[in-house]
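Each residue of the sequence shown is one higher than the one before, counting from 215 in the working numbering.
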Amino acid sequence: MQRRARVLSVGAQVVTVRLEDSACEGCSSGCGGRCDLFRSDECNQFTLVCRAQVVPGQLVMLTVGDRQLRTAALHGYGRALLGLLLGAAAGAALAHWLEVAADPLVLIGLVLGVAAALWHTRSRAVNPLLTPIAAD
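As structure tokens, this is what we get:
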């Protein structure tokens with residue numbers, strides 16, 4: 215998966231770019247850029263950790279490999295599944311300890327477990343490889 219971007223600023227270990235196009239190229243999932251993998255702000259800017267030799271104004275290509283995509287999917291779905299199971303188990307244990315009906319507490323635990331797992335996953339972004347295209 216690739217997206218074109220223009221370098222806005224270069225720091226010691228970070229590079230801020232503005233995404234140039236609206237959709238990814240070479241993505242087999244066909245999401246059209248809606249996957250939120252290149253999470254940008256309202257100005258379509260994206261900051262990544264890298265030490266590339268680029269200058270402000272330079273056109274670059276942001277690339278995320280298949281292996282990185284599989285790993286990100288595994289972490290995202292794996293955390294959601296783990297949150298679902300742990301939340302349901304915690305709800306069942308609490309219901310058993312309180313000696314009340316298990317179903318409502320299992321459902322509440324399930325929802326809270328998935329919500330916590332997804333919230334934790336949202337804070338993790340894939341760091342794409344930055345490749346200079348041309349110096350302007």
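Ideal Cβ positions, reconstructed from N, Cα and C, are used throughout, including at glycine.
What you are looking at is a predicted structure, and each value in this text was computed from that prediction instead of being measured.
Checklist entry - With which residues is THR277 paired in a DSSP beta bridge? => result Looking up residue 277 in the sequence shown gives position 63. Beta-bridge pairing links THR277 to GLN216 and LEU343.
Checklist entry - Cα-Cα, which of GLU234, HIS334, THR230 and ARG293 is closest to ALA266? => result Position 52 of the sequence shown, counted from the start, is the residue given in the question as residue 266. The shortest Cα separation from ALA266 among GLU234, HIS334, THR230 and ARG293 belongs to THR230.
Next on the checklist: Taking the beta carbon of ARG281 as the centre, do at least 16 other beta carbons fall within 10 Å, making it buried, or is it exposed?
Outcome noted: Counted from its first residue, the sequence shown places residue 281 at position 67. With fewer than 16 Cβ atoms within 10 Å of its Cβ, ARG281 is classed as exposed.
Item to check | Sub-9 Å separation of VAL325 and GLY301 beta-carbons | outcome: Translated into the one-based positions of the sequence shown, residue 325 becomes position 111. Translated into the one-based positions of the sequence shown, residue 301 becomes position 87. In contact: VAL325 and GLY301 (Cβ atoms closer than 9 Å).
Checklist entry - Leaving out five residues before and five after THR261 in sequence, what residues of the same chain have Cβ atoms less than 6 Å from its Cβ? => result Along the sequence shown, read from residue 1 onward, the residue named residue 261 stands at position 47. Cβ within range, chain order: VAL228 and THR230.
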